[in-house]
Structures are given as structure tokens and as C-alpha cells.
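**Q** Residue numbers (the numbering used here): 1061 to 1713.
Using N, Cα and C, we set each Cβ at its ideal position, and we do this for glycine too.
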Ligand code: PRX
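(1) Given a threshold of 16 other Cβ atoms within 10 Å of its Cβ, counted over all protein chains shown, does residue 1586 qualify as buried or as exposed?
(2) If we ignore side chains and look at the alpha-carbon of each, how far apart do residue 1065 and residue 1509 end up?
(3) Are residue 1557 and residue 1514 touching if we call contact CB-CB under 8 Å?
(4) Taking the alpha-carbon of residue 1575 as reference, which of 1382, 1080 and 1527 has the nearest alpha-carbon?
(5) Whose CA, out of 1676, 1128 and 1652, lies closest to the CA of residue 1335?
(6) Tell me which same chain residues have a C-beta within less than 8 Å of the C-beta of residue 1632, skipping the five on either side of it?
(7) With hydrogens ignored, establish whether the beta-carbon of residue 1586 is closer than 7 Å to any heavy atom of the ligand PRX.
(8) Less than 7 Å between the CB of residue 1484 and some heavy atom of the ligand PRX, yes or no?
(9) Rounded to the nearest angstrom, what separates residue 1516 and residue 1549 at their Cα positions?
(10) Can you list, in chain order, the residues of its chain whose CB lies under 6 Å from that of residue 1533, leaving out five sequence neighbours each side?
(11) For residue 1716 and residue 1222, I'd like the C-alpha separation in whole angstroms.
(12) What is the residue span of the alpha helix (DSSP H) that residue 1431 lies within?
(13) What did DSSP end up calling residue 1712 once you bin it into helix, strand or coil?
(14) Does the ligand PRX have even one heavy atom less than 7 Å from the beta-carbon of residue 1577?
(15) Starting from residue 1478, follow the beta strand (DSSP E) in both directions and report where the run begins and ends.
(16) Can you tell me whether residue 1293 is buried or exposed, with buried defined as 16 or more other CB within 10 angstroms of its CB?
(17) Flag this pair as yes or no: are the beta carbons of residue 1393 and residue 1375 separated by less than 8 Å?
(18) Please go through the same chain and pick out, in chain order, the residues whose beta-carbon is closer than 6 Å to the beta-carbon of residue 1476, but skip the five residues on each side of it.
(19) Between which residues of its own chain and residue 1660 is the CB-CB distance below 8 Å, once the five residues before and five after are set aside?
(20) With a threshold of 7 Å, establish whether the CB of residue 1591 neighbours any heavy atom of the ligand PRX.
(21) Suppose contacts are defined by Cβ-Cβ distances below 8 Å. Is residue 1453 in contact with residue 1422 by that definition?
(22) Which of helix, strand or coil does DSSP assign to residue 1192?
(23) Using the C-alpha atoms, what's the distance from residue 1344 back to residue 1656?
(24) Apart from the five residues just before and just after residue 1369, which ones in its own chain have a Cβ nearer than 6 Å to its Cβ?
(25) Helix, strand or coil: how does DSSP classify residue 1215 here?
(26) Below 8 Å between beta carbons: does that hold for residue 1224 and residue 1262?
(27) If you measure between the beta carbons of residue 1089 and residue 1493, is that distance less than 8 Å?
(28) Take every Cβ of the segment 1426–1439, pair it with every Cβ of the segment 1378–1392, and state whether three or more of those distances are shorter than 8 Å.
(29) Taking the alpha-carbon positions, what's the residue 1705 to residue 1681 distance?
(30) Among all the DSSP beta bridges, which residues are the ones paired with residue 1714?
(31) With DSSP as the reference, label residue 1622 as helix, strand or coil.
(32) Give a yes or no on whether the C-beta atoms belonging to residue 1739 and residue 1330 are separated by under 8 Å.
(33) Taking 8 Å as the cut-off, decide whether the C-beta atoms of residue 1123 and residue 1139 are in contact.
(34) Using the three-state DSSP reduction, which class does residue 1705 fall into: helix, strand or coil?
(35) Answer with buried or exposed for residue 1303, where buried requires no fewer than 16 other C-beta atoms within 10 angstroms of its C-beta.
(36) For residue 1693, report the span of its beta strand (DSSP E) as first-last.
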């Protein structure tokens, strides 16, 4: 990594918004004094702090030890046995929530469904029985590739019910992504749908699964939910309709007694190599952490209608559409489609009709809404909203203010929550009844979290000095490893600075102890909040028969936060035909899904490299953003390459 000394922050933001007294009065944590006291306790005595919270959940067997910390391996609630789906369903029904809505669903075409906790439980148990009948056993990895419909939540909960880890693949990903993940997880069963609705069209999910299945003999069973009635091919023996398997399923499959450290799920995410890594989350600590963060950060109350707009294919959907919310007995709203279908007011229309109280989305969406104009928001009654949340990338103060004024009408606290796939749950965040917010800052650490800004030597930085955002102590929701790759786990997260967790962000901490996240400093690019590895996109480009070499950089983008610029050299003797850029762009989208489609493709004679052959991405980034190179080029092997790149830039479209 070549960053830490060059991390500088130019953002100066002086506005401060204290919580409204009415909000604070009713909040789970209603003052900074309460926050400070609880935080201090969670740091001084984390084991008793977390044990006290964990007591409130259902355990088949209580733990013997709260934490076993063998750096970097943590085990939480050692010896305890529980079931997270049981906690999300039966425990809620026992608490009298059986007839309360658990899932409120709206499909893109406008179809609606509500499932109470009792109805959801019945569906989950039935599908759990179906999975067992299909031969799924405890510990088997179940691949899930579905649209945002209730059956997606039912599937993950059914997997949890029988102790079979799920591996959910975002429906926007494509064939190669399915193949890589199925292979890495050694997963023999895929749960999918004929299709899902997106922007008025149908995404042919089953066809993608078929294409993946044709390229591996790993996949033995495919369950297909009928959602869009688009035409699909069903292969006898391998493929089963969802409605058939549930019709024959028993309705009394008991919840599996899972060890607190049994794997709950695998979720693949991009890192600094060509292959995504399978992040492992386990059961007990994850349950306690996601539920507790959800309760405090969203200040969840029994009558909330909570809506997180993330797809369950991302960690945000795992933790804060499904587990963390249902474990609090709160209604979670699921919406299948695009924010701008049929028009740019779809989200606000949904908020108004369903009387949404807590709303959690991504900065990229907020910026897109800003661009389209406030009239789409203004025409809806948003008086039910009490709190707004942001996640996935830094939110620029301008977007924060717009969110606050236009969506929140100046009366809703905003929680800007920093966390990662690896952290399982929210790590740095305001508590809405306590923390005065500053636009653009994720503010202070959650209970039990000990973050620090360190330089490459591990020295803690003073106020406002940029550095690497690290975490010094274990927390219950933390990842337990990279699937089948313990060495990579240590190398990726625990080696940049010896013994502390570092997963790729830079930040500074201001004089009030507030964190200001500055963004990734590794080979990960956040495009519309989606996490993409430069190496994955480069591998996809190089897999095209005409491409010799490719380098990908992130460039600032007004709506997406970052966009992808790809520099491509063609094989010797290949003359670029008209339309080649479009073809390469499609090639990447076919391999990785349209989220990875490059914004710019520049065909170039050569890439700038150091004498040791390393591509100098910093120079490419400069070329792509400003057209020239002003930074240090002394390590460049061939100076003429940069001049040529700048010339080619003039010709680039
Ligand atoms: O760079 C940070 C950014 O998103 C990364 C994690 O991405 P992913 O694993 O896909 O999880 C996204 C949802 C939790 C982080 O390393 N990020 C996430 N939240 C914020 C953020 N950057 C700034 N502010 C945030 N609130």
C-alpha cells in the first residue's frame, strides 16, 4: 500500500445538529452522557456488557465463556447453542408479536403482500422442511440467487432454521459470479426464481443459473420460485418448482440447535485479488450484534415500519433487512424494484402509503434523487418518517443537507453508519437520540468498538490527521474468517498493521472524536455503493480475446460516488474496430453484472509501469480525471507512455 502518508482530508464542515428533545426523550439512548457511560462500560468490561445483552435472547444452552480471543480469531458465547431464525420468529411470537406484520412487501409492478410473524414462521418452517427433503443437511452451503421478494427472506431464514449456511448472490450479478461462488463454497443447491422485475423488465435469473450450471457439475439441485411467469427450462431430476417442494414439505421441522460459532452464512465480497472472498459470519455473536445495533442506531420501537432499501444480496440486507430487524420484532419493508420505476417518486410513494417510520438508504440514491429535483419528494406525505439512515459510502455534506431538509423536512435525525461486510454490523454511527450530528461524519463508535486512526507504523494519529481506520478489539459481529482460506484472512485484515483489524478505509478523527471516513485506500472501488475489486474487472477485460492488458481505476462521479475508467491495451497487431469499446464494456457486464460496467474505456498503446513492472494506477487516475499528470513520475519505467496516454486522452470518447 502506498497511501498512508498521502492521506489528507480537505473537508471542513462546521454545522452541527443536536437531537430534537422530543426524540431524545423517547429514545433508547437519550443523551451523550448516557452514551458515554454505556460506551465506557462496554470498553472497560466488554464481556459483562455483551453477556447482559445476550441474556435477552433465546438460547437452547447458555454459553460457558463470553469471549475467547486468540488474536485474530475470536469466538463469542463459547459453548452456547441458539438459533437466529428461532429468535427472529418464535421468540417474537412468544412475546405476543405473532399477528404483527413481519414483512411488508411491494413488488415493482405494484403487487403487495404482508406476512405476520406467525405467517412468516410457518413459511420458513415449511421451506426448511422442503430443504431437508431435498437433502440439505446442517453445514451444507445453500446458494441463493433471487429477486427482493419475501421468499428471499424466507429462504435465508429457512437455511438458518436448519443450520445450513446461505450464500446469497446479488441478483444484479451474472453468470461468472454465480459460478465462482458456487465453486468456492462447494455448494450443490441453488435457490432462484424464474425472474425478477427491474425497471419494467424481467431479469431472467433462472437462465443465469442454467448457464452457470452448464459450466460446472457441482450444482445438483435448483429450486425455482415462480415470480414473473417468464419462460424457463426445467431439467428433470435437477430442477424443482418452489410451489411443488413446499406443497410436499412437513410443517414441523424443529429449529436446529446451532453452536454459537456455527457458520450462519457466507457472503462474497470484493477485495484486492481477482477472486471475491467468502466472508464467514457465525451465529451467536452476529445475532446479538446486529439486533443490538439495529435497536440503538435505528431506535427501533414496536410500531415502527422500518425500510432499508438495500438488496438482501448485500450485507446491509442480511443484517438490516432481515436479521437485526426481525430479531427486534419489528416490521421490515421489502421493495423489489428500481427507485425510479415507474417514476422518480417511487420511494416516497412507498414511504407515504406504508407509513414508513425509519428509512435507511445509500448516498448514491440520495444524490440521484437530488438531481431529479425535490418535487418528487414534496408531493408525498412523509410525516410518518422519524429517522433517516445512510450507508455504503461517504455521504457528502451537500447530499446530507438535502436528505435532512427535503426528505426529513428538518425534523428527522440522520444516522450515517460506517461498517463493512466484514464487520457484520454497524461500527461507527450516531445514536439518534444522543449524538449531535455533523453532515458528512459517521460520528462516534458503537458500544464495544475501539477504532483508531493509525499510520503505517501503527502510531495513533492526532486530531484531524488522516490515517488508516483500524479496530483494536474484537466485537461480536466480526467476521470469523475467509472461507477455506485462513492465511488470506490474516494477510488481508490483520497484517497491514500488526495485530489490529484493518479493512481498507482511511479516515480522520476530529477534535470532538468524530470520525470522517475518507474512502478506500486499497484496490476496491465503490460504485453506487457497490463494492468492486479493480482486479476482478481487469480479469474480466483480459478474458476478452483481443485484450492484452488492462488497468482499472476509480474516478469521481457526481451520482455514483465513483465510476470505473478502464485502460486497455490490445494484443499486438489488433486494430480496434468501431464498436470495440461497447463490446468490451458488455463483456465486463456479462462477466460481473452491470454494476461493474466501465464508464470509460480507453484504448492505449501501453500502460505506465514502474521498473519492477507494477502498473502505476495513480497516474492513470490523474489522466482519467484531469487529462494530465502532475504527480511524481520518477519511478516510471518509460516516460513516453504518459505523454502518449495524455495524447490518446484527447481522442478518447
Ligand atoms: O469504504 C467503506 C464504505 O463501504 C465499505 C464497505 O463496503 P461493503 O462491505 O460493501 O459494505 C457496505 C455496507 C456496510 C467500507 O469499507 N462505507 C460503508 N459505509 C460507509 C462507508 N464509507 C463512508 N461512510 C459510511 N457510512
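**A** On the basis of the coordinates in this document:
(1) It is buried - the Cβ of residue 1586 has at least 16 other Cβ atoms within 10 Å.
(2) Note that residue 1065 scores a pLDDT of 46, beneath 50, so its modelled location is shaky and nothing firm can be said.
(3) yes
(4) 1527
(5) 1652
(6) Correct list, in chain order: 1608.
(7) yes
(8) no
(9) Cα-Cα distance, rounded: 19 Å.
(10) 1510
(11) This structure cannot settle anything about residue 1716, because the visible part of the chain is limited to 1061 through 1713.
(12) 1423–1432
(13) Because residue 1712 sits at a pLDDT of 49, beneath the cut-off of 50, its placement in the model cannot be relied upon, and the following sentence gives the value as read from the coordinates. It is coil, neither helix nor strand.
(14) yes
(15) From DSSP, residue 1478 is part of no beta strand (DSSP E); its letter is neither H nor E.
(16) exposed
(17) no
(18) So the qualifying residues of the chain are 1450, 1455 and 1502.
(19) 1615, 1623, 1624, 1625, 1626, 1684 and 1712
(20) Yes, since a heavy atom of the ligand PRX falls inside the 7 Å radius drawn around the Cβ of residue 1591.
(21) yes
(22) Residue 1192: helix per DSSP, three-state reduction.
(23) Whole-angstrom Cα-Cα distance: 34 Å.
(24) 1421
(25) The answer is helix: DSSP assigns residue 1215 an H, G or I state.
(26) no
(27) yes
(28) Output reads no: the segment 1378–1392 does not touch the segment 1426–1439.
(29) 12 Å
(30) Past the boundaries of the shown model lies residue 1714; the chain is included only from 1061 to 1713, so the question cannot be answered.
(31) strand
(32) Any question about residue 1739 goes unanswered here, given that the chain covers just 1061 to 1713.
(33) For residue 1123 and residue 1139, yes; Cβs fall inside 8 Å.
(34) helix
(35) exposed
(36) Unbroken run through residue 1693: none, as it is neither H nor E.
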